[in-house]
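Below: one structure, written as C-alpha cells.
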C-alpha cells in the first residue's frame, strides 16, 4: 500500500494521477486510510494535522 507523507499545493485535475473527494470534516487529517474516487487505497501519514484546500494533492511514496 502506498503512503503519502507530503501535501503539494497547486495541483490541477489534468496533472493529478487520481482524484479524491472529501467532505469538510474529512479535509482535516494527519493519519488516515483514504481511497481515491476509483477505489485505490493509500495511507496518509503526515507529521502534523493539516487542513486540505482545493487543488492540494498527496505525494505518494511511489513518486506519484
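Residue numbers (the numbering used here): 299 to 362.
Where a beta carbon is used, it is the ideal one built from N, C-alpha and C, also for glycine.
All values derive from a computational prediction rather than experimental measurement.
Between the Cα of residue i and those of the options, spot the shortest distance and give me the residue it belongs to.
i: residue 342; options: 349, 335 and 331; result: 331
i: residue 335; options: 347, 320, 328 and 326; result: 320
i: residue 309; options: 359, 360 and 353; result: 353
Leaving out five residues before and five after residue i in sequence, what residues of the same chain have Cβ atoms less than 8 Å from its Cβ?
i: residue 347; result: 326, 327 and 328
Between residue i and the rest of its own chain, which residues show a CB-CB distance below 6 Å, the 5 nearest in sequence each way excluded?
i: residue 333; result: 339
Quick one: Cα of residue i to Cα of residue j, how far?
i: residue 307; j: residue 322; result: 18 Å
i: residue 318; j: residue 305; result: 13 Å
Residue i lies in the beta strand (DSSP E); which residues open and close that run?
i: residue 349; result: 339 to 349
i: residue 329; result: 326 to 333
i: residue 300; result: 300 to 306
With burial defined as no fewer than 16 other Cβ atoms inside 10 Å of the residue's Cβ, what is the status of residue i: buried or exposed?
i: residue 355; result: buried
i: residue 311; result: exposed
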